[in-house]
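Visitor: Residue numbers (my numbering): 779 to 1082.
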């Protein structure tokens, strides 16, 4: 009997693991769609959430009818608090990330944002008493080394980049908060409720920032909406839904490590679409990231 339960748990964890990787692949397309977006960075972040709302609302209604229950929380602060927190961290993550890219190199911003894996593990340990095996920690270090290798010689240390580098580090803190808050909320709320709530409150937080940013808030042409809808419906709805589903079955720290696959996806797509060079650094980095994720997963299995 215990063996059947263990096999069922392994099946669920494998499904969650695959879902997490698909989510990582989906949100790894974000920099590509951002490059095509003819609006300011924060405006793109706002539209990424706002344009997902009709789709998420329809999914929320379907979820209510299918399960014959109130999938949406009661309209009081206690029930809305988790969604407000998740939306705040996610909007903070997007804002910090976009400004970091402006004020430092893309390599620096990406590397520092990837430190979220460490902050998520530390946060889980300090606030929720989560424990991690040596195998897991070793895999996390391996994946982080892979992320560093992906940046190659593009990393620059300069006083001119100090503010941008700091914002890159704050991006990591914000994303760690987002992952941890998501993981806790998933114990009570459905995937669709969390992704929908994130979009609602995240767009509310982002709107005043986007409106006060110099540049285009609305695309100048009809075609300019295409990358924004792609960000909303593919990157956010598909990507975040897969990730949030997985966090019900996997530790937030493992989720954060697995999402280091994002820069690898972005590098490959940039090579295909923009003919950006792929070198030995990218090959080594990608190999280390994949190896690190596999080792981390083994660390979780051993712990269980």
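Virtual Cβ for every residue (Gly too), placed ideally from N, Cα, C.
1) Specify the secondary structure class of residue 833 as computed by DSSP and reduced to three states.
2) Could you pull out every unbroken beta strand (DSSP E) segment of at least 3 residues lying fully inside the region 869 to 936, listed in chain order?
3) Please report the residue range of the alpha helix (DSSP H) in which residue 996 lies.
4) Measuring alpha carbon to alpha carbon, tell me which of 949, 927, 1067 and 803 ends up nearest residue 1058.
5) Given this structure, state the Cα-to-Cα distance separating residue 989 from residue 909, to the nearest angstrom.
6) With DSSP run on the structure shown, which of helix, strand or coil describes residue 860?
7) Does residue 779 pass the burial test, meaning 16 or more other C-beta atoms within 10 Å, or should it be called exposed?
8) Pair every Cβ in the region 968 to 983 with every Cβ in the region 876 to 895, then say whether three or more of these pairs are closer than 8 angstroms.
9) How is residue 1065 classed by DSSP in three states: helix, strand or coil?
10) Which residues mark the beginning and the end of the alpha helix (DSSP H) in which residue 960 is found?
11) Below 8 angstroms on the Cβ atoms is my guess for residue 797 versus residue 1020; work out the distance and round it to an integer in Å.
12) Report buried or exposed for residue 953, applying the criterion of at least 16 other Cβ atoms within 10 angstroms of its Cβ.
13) Let me make sure I understand the geometry here. Which of 889, 955 and 1013 has the alpha-carbon closest to that of residue 809?
14) Let me confirm a value: residue 792 is counted as buried when at least 16 other C-beta atoms fall within 10 Å, else exposed. Which label applies?
15) Taking residue 942 as the reference, give the member of 963, 902, 877 and 1039 with the closest Cα.
16) Using the Cα positions of residue 799 and residue 1009, report the straight-line distance between them to the nearest angstrom.
17) What residues in its chain sit with their C-beta under 8 angstroms from that of residue 833, if we drop five residues either side in the sequence?
18) Mind the definition here: the region 915 to 924 touches the region 1021 to 1041 only if three or more C-beta pairs lie below 8 angstroms; say whether that holds.
19) Can you grab the Cα-Cα spacing for the pair residue 1084 / residue 1027, in whole Å?
20) Give every residue of the same chain whose Cβ lies closer than 8 angstroms to the Cβ of residue 795, excluding the five residues on either side of it in the sequence, and list them in chain order.
21) With H, G and I counted as helix, E and B as strand and the rest as coil, what does DSSP make of residue 992?
22) Would you kindly work out how many angstroms separate the C-alpha atoms of residue 850 and residue 1067, rounded to a whole number?
23) Would you call the region 990 to 1002 and the region 814 to 823 touching, i.e. three or more CB-CB distances under 8 angstroms?
24) From 1002, 993 and 963, pick the residue whose C-alpha is nearest to that of residue 858; which is it?
25) First and last residue of the alpha helix (DSSP H) that includes residue 1053?
26) From the DSSP output, in three-state form, read off residue 969 for me.
27) Please report the distance separating the alpha-carbon of residue 902 from that of residue 1032.
28) Does the distance from the CB of residue 976 to the CB of residue 865 come in under 9 angstroms?
29) Using the beta-carbon count (16 or more within 10 Å), is residue 1077 buried or exposed?
30) When the Cα of residue 868 is compared with those of 979, 939, 1045 and 1070, which residue comes out closest?
Guide: On the basis of the coordinates in this document:
1) The answer is helix: DSSP assigns residue 833 an H, G or I state.
2) Correct list: empty.
3) Neither: residue 996 is in no alpha helix (DSSP H) and is coded neither H nor E.
4) The alpha carbon of residue 1058 has as its nearest neighbour, out of 949, 927, 1067 and 803, the alpha carbon of 927.
5) When rounded, the distance between both Cα atoms is 43 angstroms.
6) The answer is helix: DSSP assigns residue 860 an H, G or I state.
7) Residue confidence for residue 779 is low, a pLDDT of 40 falling below 50, so the modelled location carries little weight; the figure read from the coordinates is stated next. Exposed: under 16 other Cβ atoms inside 10 Å.
8) Verdict: no, contact absent.
9) In the structure shown, residue 1065 sits in a helix (DSSP, three-state: H, G or I).
10) Residues 940 to 963.
11) That belief holds up - the Cβ atoms of residue 797 and residue 1020 are roughly 5 angstroms apart, short of 8 angstroms.
12) A residue is called buried once 16 or more other Cβ atoms fall within 10 Å of its Cβ, and residue 953 is buried on that count.
13) Closest in C-alpha terms to residue 809, from the list 889, 955 and 1013, comes 1013.
14) When all chains shown are included, residue 792 counts as exposed.
15) The option with the nearest alpha carbon to residue 942 is 877.
16) One C-alpha to the other measures close to 18 angstroms.
17) Only residues of its own chain outside the window of five on either side were considered, and among them 1010, 1011 and 1015 have a CB closer than 8 angstroms to the CB of residue 833, listed in chain order.
18) At 8 angstroms Cβ cutoff, the stretches touch.
19) This structure does not reach residue 1084, given that the chain is present from 779 up to 1082, and the question cannot be answered.
20) Here the set comprises 1024, 1028, 1036 and 1075.
21) DSSP places residue 992 in coil when its eight states are reduced to three.
22) Reliability of the predicted coordinates at residue 850 is poor, the pLDDT of 49 falling under 50, and the value obtained from them is presented with this limitation in mind. If you take the alpha carbons of residue 850 and residue 1067, they lie about 37 angstroms apart.
23) With contact defined as three or more Cβ pairs closer than 8 angstroms, the region 990 to 1002 and the region 814 to 823 are in contact.
24) Closest by alpha carbon: 963.
25) Neither: residue 1053 is in no alpha helix (DSSP H) and is coded neither H nor E.
26) Of the three classes helix, strand and coil, the one that applies to residue 969 here is helix, per DSSP.
27) C-alpha of residue 902 to C-alpha of residue 1032: approximately 11 angstroms in a straight line.
28) Taking 9 angstroms as the Cβ cut-off, residue 976 and residue 865 qualify as a contacting pair.
29) Buried: at least 16 other Cβ atoms inside 10 Å.
30) Among 979, 939, 1045 and 1070, the Cα nearest to that of residue 868 is on 979.
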